[in-house]
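In what follows, a structure is listed as C-alpha cells, so that the remarks can point back to it.
Protein chains: 2
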Amino acid sequence: MRWAPDARGRLERAAFDLFGEQGYAATTVPQITARAGLTTRTFFRYFADKREVIFGGDEIPRAAARLISEAPPELEPIDVIRLVLDEVAATRFDGRREETAAWRRMINADDSLRDRDARKRADLVAAARTAFVDRGEAQRSATIFAETGALIFHVALDAWLAEPEARPMGDTIAEIMTWVCVRRLEGTPLGS
Amino acid sequence: MRWAPDARGRLERAAFDLFGEQGYAATTVPQITARAGLTTRTFFRYFADKREVIFGGDEIPRAAARLISEAPPELEPIDVIRLVLDEVAATRFDGRREETAAWRRMINADDSLRDRDARKRADLVAAARTAFVDRGEAQRSATIFAETGALIFHVALDAWLAEPEARPMGDTIAEIMTWVCVRRLEGTPLGS
DNA sequence: GTCTATATCGCGATAGAC
DNA sequence: GTCTATCGCGATATAGAC
Chain A
0 MRWAPDARGR
10 LERAAFDLFG
20 EQGYAATTVP
30 QITARAGLTT
40 RTFFRYFADK
50 REVIFGGDEI
60 PRAAARLISE
70 APPELEPIDV
80 IRLVLDEVAA
90 TRFDGRREET
100 AAWRRMINAD
110 DSLRDRDARK
120 RADLVAAART
130 AFVDRGEAQR
140 SATIFAETGA
150 LIFHVALDAW
160 LAEPEARPMG
170 DTIAEIMTWV
180 CVRRLEGTPL
190 GS
Chain B
0 MRWAPDARGR
10 LERAAFDLFG
20 EQGYAATTVP
30 QITARAGLTT
40 RTFFRYFADK
50 REVIFGGDEI
60 PRAAARLISE
70 APPELEPIDV
80 IRLVLDEVAA
90 TRFDGRREET
100 AAWRRMINAD
110 DSLRDRDARK
120 RADLVAAART
130 AFVDRGEAQR
140 SATIFAETGA
150 LIFHVALDAW
160 LAEPEARPMG
170 DTIAEIMTWV
180 CVRRLEGTPL
190 GS
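Chains as they are written, first to last, in numbering that gives the first Met the number 0: chain A, 0 to 191; chain B, 0 to 191.
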C-alpha cells in the first residue's frame with residue numbers, strides 16, 4: 000500500500016520521543032515528521048499546531064460531558080462532580096502517576112504549553128457547563144458547578160502528583176472535596 | 000529629543016486601532032509599528048509577543064497580590080476575597096462596561112487570545128496563592144482560596160457584562176458569592 | 001538594528017481506496 | 001469515477017539570535 004497506516008499515531012510517538020530526547024522547544028516539526036516518515040504539511044493536517052500533539056484534542060472535554068450526561072438524574076450537582084471525578088481518576092490516572100508527572104513537568108517547563116494547558120481547562124469548563132445545562136441547571140449555576148469541578152480536579156491532580164506515596168487519586172479528590180462546598184441558591188432571596 | 004516619548008503607549012494605541020479596524024489576526028506587527036513610527040524589533044522589546052499588547056503584562060496579578068497582602072490580617076480568607084474583588088470591581092471595571100465588553104469580545108474571537116487569557120487567569124491564581132501563603136495559609140488552602148477567588152471573579156465578570164442594565168459590578172459579585180462557600184478544614188479529621 | 005529560523009497555512013497534483 | 005489522504009512547493013509572519 001502507498002501509505003503506512005496510523006499516520007497520527009506515528010506522529011504522536013515521534014513527537015513524544017523527540018520531546019523526551021531534546022525537549023519540546025528544541026524539537027521542530029520537520030524533525031518530528033522526518034522521524035515519522037511524513038511531510039511537514041501532513042503534521043498540520045492532524046494537529047492544529049505543534050502544541051496540540053501534547054494534549055488529546057477535545058477528548059477530555061467530550062468524556063467529561065458524557066459522564067455528566069450519563070449520571071443519574073436525581074443526583075445533586077456536587078455528587079455528579081464527585082462521581083465524574085472518581086471515574087476519571089480511576090480510569091485515566093490511577094497506575095499512571097509517573098507518566099502523568101512527566102507529562103505535567105513537560106507542560107510546566109514551556110510557556111506556550113502552559114498557555115495551551117490553561118486553555119484546555121477553560122474548554123473543559125465550557126463542555127461541563129453545557130452538560131449541566133442539559134441536566135436542567137440554570138446557566139449561572141451550571142457555570143459555577145462546572146468551574147468548581149475543574150477547580151477540584153486540578154487542585155487534586157497537583158496534590159496527588161506531589162504526594163510522596165502513590166495512592167488512589169480518588170482519595171486525594173475526596174480530601175479536596177471536603178474543602179469546597181457549593182450550594183444551589185437560585186431563586187432564594189439575596190443574603191439568605 | 001531623539002525619540003518621541005511613550006513608545007509603549009503609542010504601540011498599544013496603534014495596535015488597538017488596527018485590531019478594531021481589521022481584526023486581531025489580520026493585523027501584523029509591522030503594521031502596528033509602522034503606524035506607531037517604530038521598528039518591529041522595538042515592538043518585541045516592549046511586548047513578549049503579539050498577544051501581550053492585549054493584556055496588561057503582570058499588572059493584574061501584582062495588584063491582586065498587593066491587595067491580599069494589605070487586607071487586615073484578622074479577616075477570614077473568604078472575606079479577603081470579597082474585599083479584593085470589590086476593590087477591583089470599583090476601581091477597574093465600574094464605568095467601563097462597554098470597553099470591557101469590547102475587550103472580551105476581541106479575546107473570545109481569537110483562539111490564540113483565548114489561550115493567553117486562560118493563562119493569565121492561571122498566573123493570577125498563582126500570585127494570589129503566594130499572597131495567601133504569606134498570610135499564613137497552608138499551601139493547599141491557599142491554592143483553593145486563590146482558585147475560588149478567580150472563579151468568582153470570572154463568573155461575575157461574565158455575568159456583569161451580560162446584564163441588560165449597567166450596575167455596580169460589586170452587586171454581581173455579591174450575588175455570585177452567595178453561591179460559593181469555602182470552608183477551612185485543614186487539620187480536622189477527614190469526613191468531619 | 002539586522003538577519004534568519006521555524007511555525008503555519010494555501011494551493012494544486014497525485015495515488016490509492018471504495 | 002469519486003473521495004480522501006498525502007505530497008511538494010511556496011508564501012508570510014512571528015519571534016529569537018547575533
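In this text, a Cβ means the ideal position worked out from N, Cα and C, and glycines have one as well.
Residue i versus the options, residue with shortest Cα-Cα distance
| i | options | result |
| --- | --- | --- |
| D122(B) | L17(A), L123(A), R113(A), A127(A) | R113(A) |
| A62(A) | I53(A), L37(A), T90(A), F46(A) | T90(A) |
| D93(A) | G8(A), V181(A), S111(A), T171(A) | T171(A) |
| I67(A) | A158(A), A130(A), E20(A), T177(A) | A130(A) |
| G8(A) | L160(A), A70(A), R65(A), I53(A) | I53(A) |
| D110(B) | G22(B), A64(B), G36(B), E73(B) | G22(B) |
| A3(B) | E11(B), A25(B), G36(B) | G36(B) |
| A137(B) | L184(B), T32(B), V124(B), V83(B) | L184(B) |
| R134(B) | T26(B), E69(B), P163(B), V87(B) | E69(B) |
| L10(B) | A24(B), E51(B), A25(B) | E51(B) |
| R104(B) | A145(B), E58(B), L156(B), R166(B) | L156(B) |
| P163(A) | A173(A), D116(A), A100(A) | A100(A) |
| R115(B) | T32(B), D57(B), T177(B) | D57(B) |
| A173(B) | P72(B), A88(B), W102(B), A47(B) | A88(B) |
| T177(B) | A117(B), E98(B), A161(B), I80(B) | I80(B) |
Contact with chain B by residue i, beta-carbon distance below 8 Å
| i | result |
| --- | --- |
| I143(A) | yes |
| W178(A) | yes |
| L66(A) | no |
| A125(A) | no |
| E20(A) | no |
| V79(A) | no |
| A121(A) | yes |
| V181(A) | yes |
| A158(A) | yes |
| L189(A) | Below a pLDDT of 50, predicted positions are generally treated as unreliable, and L189(A), at 42, falls in that range; the measurement from the model is reported next regardless. Cβ-Cβ to chain B under 8 Å: yes for L189(A). |
Same chain only: Cβ atoms within 8 Å of residue i, ignoring 5 sequence neighbours per side
| i | result |
| --- | --- |
| R34(A) | A13, D16, L17 |
| A6(A) | A35, L37, T41, Y45 |
| C179(B) | Note on residue identity: the sequence assigns Val, not Cys, to residue 179(B). For V179(B), where only same-chain residues beyond five positions count, the Cβ hits under 8 Å are T147, L150, I151. |
| A108(A) | G22, Y23 |
| L74(B) | L82 |
Residue-level contact to chain A via CB, residue i, 8 Å cutoff
| i | result |
| --- | --- |
| V154(B) | yes |
| A88(B) | no |
| R139(B) | yes |
| T171(B) | no |
| R12(B) | no |
Proximal residues to residue i (C-beta, below 7 Å), its chain only, five neighbours per side dropped
| i | result |
| --- | --- |
| V28(A) | T39, F42, K49 |
| I77(B) | V181 |
| Q30(A) | L17 |
| F64(A) | First, the residue type needs correcting, since residue 64(A) is Ala and not Phe in the sequence shown. Contacts found: A126, A127, T129, A130. |
Contacts that residue i makes with chain B (C-beta to C-beta distance below 8 Å)
| i | result |
| --- | --- |
| R115(A) | D114 |
Amino acids of chain A, ordered along the chain, whose beta-carbon sits closer than 7 Å to that of residue i
| i | result |
| --- | --- |
| E146(B) | L150, V154 |
| L184(B) | T177, W178 |
Cut-off 6 Å between Cβ atoms - residues of its own chain near residue i, not counting five sequence neighbours on either side
| i | result |
| --- | --- |
| V154(A) | I175 |
| P60(B) | D122, L123, A126 |
| V132(B) | A141 |
| T147(A) | V181 |
| W159(A) | M168, T171 |
| L119(B) | The displayed chain sequence assigns Lys, not Leu, to residue 119(B). Closer than 6 Å at Cβ, skipping near neighbours: F54. |
| A165(A) | R96 |
| F144(A) | P76, F131 |
| G19(A) | none |
| D85(A) | G169 |
Contacts that residue i makes with chain A (C-beta to C-beta distance below 8 Å)
| i | result |
| --- | --- |
| R166(B) | Those do not exist, as R166(B) stays about 13 Å from chain A at its closest Cβ, beyond 8 Å. |
Per-residue contacts from residue i into chain B (C-beta, under 7 Å)
| i | result |
| --- | --- |
| R118(A) | R113, D114, A117 |
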